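Trainee: Converting from the sequence shown to my numbering requires adding 14 to each position, the first position being numbered 1. Even for Gly, the Cβ is constructed at its ideal location relative to N, Cα and C. Please read all numbers here as calculations on a predicted model, not as lab measurements. Could you have a look at this structure, given as structure tokens, before my questions?
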Amino acid sequence: MNKSKSIIILRVVLVVSVVISMFFVPWQLVKAWILPLPETIEEQLDEAIGHGFDGMVVYVDQAKKPPQFYASGLHHRESETPAQPDALFKIASISKLYDAVAVTKLVNDGKLSLDKTIADYLPELVGRIEYAETITLRLMIQHRSGIPNFTNTPNFWASPTKTYNESLSLILDKPANFEPDEDYEYCNTNYLLINKIMDDVLGYNNFQFKREQFLKPLGLYNTFGSLNDVVLDDVMSGYHLGYPFDLKEEDYGMVATAEDVGIFLRALNDGSLFEEGEQEIYASLYKYEHSGWVPGYQSFAKYYEELDTVVVLFYSTTDEKLYNWNLSEIINKRIKKIIQHKS
């Protein structure tokens with residue numbers, strides 16, 4: 015085959031790939047959206063498994079009703095263990111809500127100041143992080159610092175960092191994405207630094223502070239700071255499309271049951287989690303629901319104010335192009351509609 019024919023074939027392949035990416039995947043999402051709405055949450059979960067998720071867990075807490083627990087699919091693919099509603103799950107960035115609450119309590123106690131800067135708390139980073147002298151704790155919590163996001167490093171998830179220093183090294187000496195408080199950009203580096211600041215101020219791991227201050231008082235004994243603190247078989251397996259192995263053993267921070275996340279979210283939204291003066295601080299800082307993503311694990315902690323309902327949703331399958339993320343958002347909305355119809 016001559017060179018010109020090879021180029022033509024390559025161009026055809028590229029065009030076909032673009033067409034598939036533009037039309038095939040969206041139509042799969044449209045199908046999930048327009049299917050008749052099931053009558054029950056159980057049926058919706060089973061439908062979601064049919065769309066390609068390995069396993070799914072949902073917790074629903076409607077005001078004045080007993081909490082409801084749901085699971086479908088598999089807890090572990092190889093053993094074909096059924097999904098369990100009390101399984102532990104990697105909650106990823108949902109943990110930022112817990113971080114924001116911990117900061118709130120430390121601020122209320124006078125141990126942290128929202129107006130102090132990186133230069134105040136981590137002076138060794140002056141000259142290594144641009145605008146360290148003007149980036150405040152408040153701006154980091156609110157994702158308005160302009161610091162580059164270390165998890166946006168090319169191919170980061172192919173070989174994730176394991177330590178604070180490894181993660182920080184990915185963004186040191188790099189220019190800011192914008193000047194502090196001039197824009198918003200979701201950034202995991204902000205919370206990497208916030209956790210370091212809390213550890214330094216406390217003199218011990220800040221998860222212990224969270225446990226003492228609000229996890230134990232709320233009875234959240236199935237919330238942990240690390241995989242090192244749990245029985246691994248209790249953790250739901252996670253899978254990433256195109257990668258053949260279970261990702262359960264990869265440690266990405268906090269793990270919890272859907273029920274524990276739901277109880278925390280209820281207390282966050284009704285204010286029972288806070289001491290006097292704390293709710294006003296938190297309300298000025300951060301939001302009241304969150305989602306999370308790490309390879310193999312998608313999680314959503316939602317509060318529907320109009321329904322006075324907490325819904326926590328765990329999905330155990332991810333993909334590189336976030337098709338499954340978009341699909342899960344559709345399923346989340348369908349579950350909300352089912353709850354509305356039954357209210």
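Quick test of your reading: residue 170 and residue 331, contact by CB under 8 Å. State the CB separation rounded to the nearest angstrom.
Mentor: Locating residue 170 in the sequence shown gives position 156, where the first residue counts as 1. Locating residue 331 in the sequence shown gives position 317, where the first residue counts as 1. Contact flag wrong, Cβ pair sits at about 20 Å.
Trainee: Buried or exposed: where does residue 197 fall if 16 or more other Cβ atoms within 10 Å of its Cβ makes it buried?
Mentor: Working through the sequence shown from its first residue, we reach residue 197 at position 183. With fewer than 16 other Cβ atoms within 10 Å, it is exposed.
Trainee: What are the residues that DSSP puts in a beta bridge with residue 90?
Mentor: Locating residue 90 in the sequence shown gives position 76, counting from the first residue. 95.
Trainee: Looking at the secondary structure, which residues open and close the alpha helix (DSSP H) in which residue 284 lies?
Mentor: One-based indexing of the sequence shown puts residue 284 at position 270. Looking at the DSSP string, the run of the alpha helix (DSSP H) that includes residue 284 is 272 to 284.
Trainee: Look at the Cβ atom of residue 350, then the Cβ atom of residue 318, and state whether they are nearer than 8 Å.
Mentor: Walking along the sequence shown from the start, residue 350 turns up at place 336. Walking along the sequence shown from the start, residue 318 turns up at place 304. For residue 350 and residue 318, yes; Cβs fall inside 8 Å.
Trainee: Taking 8 Å as the threshold (C-beta atoms), are residue 212 and residue 114 in contact?
Mentor: Stepping through the sequence shown from its first residue, residue 114 is reached at position 100. Stepping through the sequence shown from its first residue, residue 212 is reached at position 198. Not a contact, by the Cβ cut-off of 8 Å.
Trainee: Distance, Cα to Cα, residue 51 vs residue 249?
Mentor: Within the sequence shown, residue 51 is the residue found at index 37, counting from 1. Within the sequence shown, residue 249 is the residue found at index 235, counting from 1. Cα to Cα, residue 51 sits roughly 30 Å from residue 249.
Trainee: What did DSSP end up calling residue 70 once you bin it into helix, strand or coil?
Mentor: In the sequence shown, the residue the question calls residue 70 occupies position 56. Residue state, collapsed to three classes: strand.
Trainee: Which of the three DSSP states, helix, strand or coil, is assigned to residue 77?
Mentor: By 1-based counting over the sequence shown, the position of residue 77 is 63. Coil at residue 77, not helix or strand.
Trainee: Given a threshold of 16 other Cβ atoms within 10 Å of its Cβ, counted over all protein chains shown, does residue 72 qualify as buried or as exposed?
Mentor: Mapped onto the sequence shown, residue 72 falls at position 58. Result: buried.
Trainee: Check the DSSP bridge columns for residue 306 and list the partner residues they point to.
Mentor: As a first step, residue 306 must be located in the sequence shown, where it is residue number 292. Its beta-bridge partners are 313.
Trainee: Taking buried to mean at least 16 other C-beta atoms within 10 Å of its own C-beta, is residue 285 buried or exposed?
Mentor: Taking the first residue of the sequence shown as 1, we reach residue 285 at position 271. With fewer than 16 other Cβ atoms within 10 Å, it is exposed.
Trainee: From this set, 353, 355 and 295, which residue's C-alpha is nearest residue 156's C-alpha?
Mentor: To locate residue 156, count along the sequence shown from 1; it is residue 142. Among 353, 355 and 295, the Cα nearest to that of residue 156 belongs to 295.
Trainee: Drop a sphere of 10 angstroms on the beta-carbon of residue 282, count the other beta-carbons inside from all chains shown, and report buried for 16 or more, exposed for fewer.
Mentor: The count along the sequence shown starts at 1 and reaches residue 282 at position 268. With 16 or more Cβ atoms within 10 Å of its Cβ, residue 282 is classed as buried.
Trainee: Just curious, the beta strand (DSSP E) that residue 336 is in, first and last residue?
Mentor: Residue 336 sits at position 322 when you count from the first residue of the sequence shown. That residue, residue 336, is in no beta strand (DSSP E); it is neither H nor E in DSSP.
Trainee: Would DSSP call residue 172 helix, strand or coil?
Mentor: Counting from one through the sequence shown, the residue named residue 172 turns up at place 158. In this structure, residue 172 counts as helix in the three-state DSSP scheme.
Trainee: Using C-beta distances below 6 Å, list every residue in its chain close to residue 181, excluding the 5 sequence neighbours before and after it, in chain order.
Mentor: One-based indexing of the sequence shown puts residue 181 at position 167. Cβ neighbours of residue 181 beyond the five flanking positions: 164, 175 and 206.
Trainee: Would you list the residues sitting across from residue 254 in a DSSP beta bridge?
Mentor: Indexing the sequence shown from 1 puts residue 254 at position 240. DSSP, once it has assigned bridges, lists 332 as partnering residue 254.
Trainee: Rounded to the nearest angstrom, what separates residue 220 and residue 49 at their Cα positions?
Mentor: If you number the sequence shown from 1, residue 220 lands on position 206. If you number the sequence shown from 1, residue 49 lands on position 35. So the two alpha carbons sit approximately 45 Å from each other.
Trainee: Give a yes or no on whether the C-beta atoms belonging to residue 190 and residue 160 are separated by under 8 Å.
Mentor: As a working note, residue 190 is residue 176 in the sequence shown. As a working note, residue 160 is residue 146 in the sequence shown. In contact: residue 190 and residue 160 (Cβ atoms closer than 8 Å).
Trainee: What whole-angstrom Cβ distance do residue 77 and residue 323 have, given they're in contact under 8 Å?
Mentor: For the purposes of this step, residue 77 is taken as the residue at position 63 of the sequence shown. For the purposes of this step, residue 323 is taken as the residue at position 309 of the sequence shown. The Cβ separation is near 7 Å, so the contact holds.
Trainee: What does residue 318 pair with, by DSSP beta-bridge criteria?
Mentor: Counted from its first residue, the sequence shown places residue 318 at position 304. 323, per the DSSP bridge assignment.
Trainee: List the endpoints of the continuous alpha helix (DSSP H) containing residue 57.
Mentor: For the purposes of this step, residue 57 is taken as residue 43 along the sequence shown, with counting starting at 1. Here the alpha helix (DSSP H) through residue 57 covers 55 to 64.
Trainee: Among 260, 306 and 59, whose alpha-carbon lies nearest the alpha-carbon of residue 92?
Mentor: Within the sequence shown, the letter at position 78 stands for residue 92. Cα-wise, what sits closest to residue 92 is 260.
Trainee: Would you check if the distance between the CB atom of residue 55 and the CB atom of residue 352 is smaller than 8 Å?
Mentor: As a first step, residue 55 must be located in the sequence shown, where it is residue number 41. As a first step, residue 352 must be located in the sequence shown, where it is residue number 338. The answer is yes: Cβ separation under 8 Å.
Trainee: For residue 142, I'd like the list of residues in its chain whose CB is within less than 8 Å of its CB, leaving aside the five on either flank, ordered along the chain.
Mentor: By one-based count along the sequence shown, residue 142 stands at place 128. Within the same chain, residue 142 has close Cβ partners 186 and 187.
Trainee: Using the Cα positions of residue 85 and residue 245, report the straight-line distance between them to the nearest angstrom.
Mentor: To locate residue 85, count along the sequence shown from 1; it is residue 71. To locate residue 245, count along the sequence shown from 1; it is residue 231. Using only the alpha carbons, I get a separation of about 20 Å.
Trainee: Mapping DSSP to helix, strand and coil, what is residue 238?
Mentor: Walking along the sequence shown from the start, residue 238 turns up at place 224. Correct three-state label for residue 238: strand.
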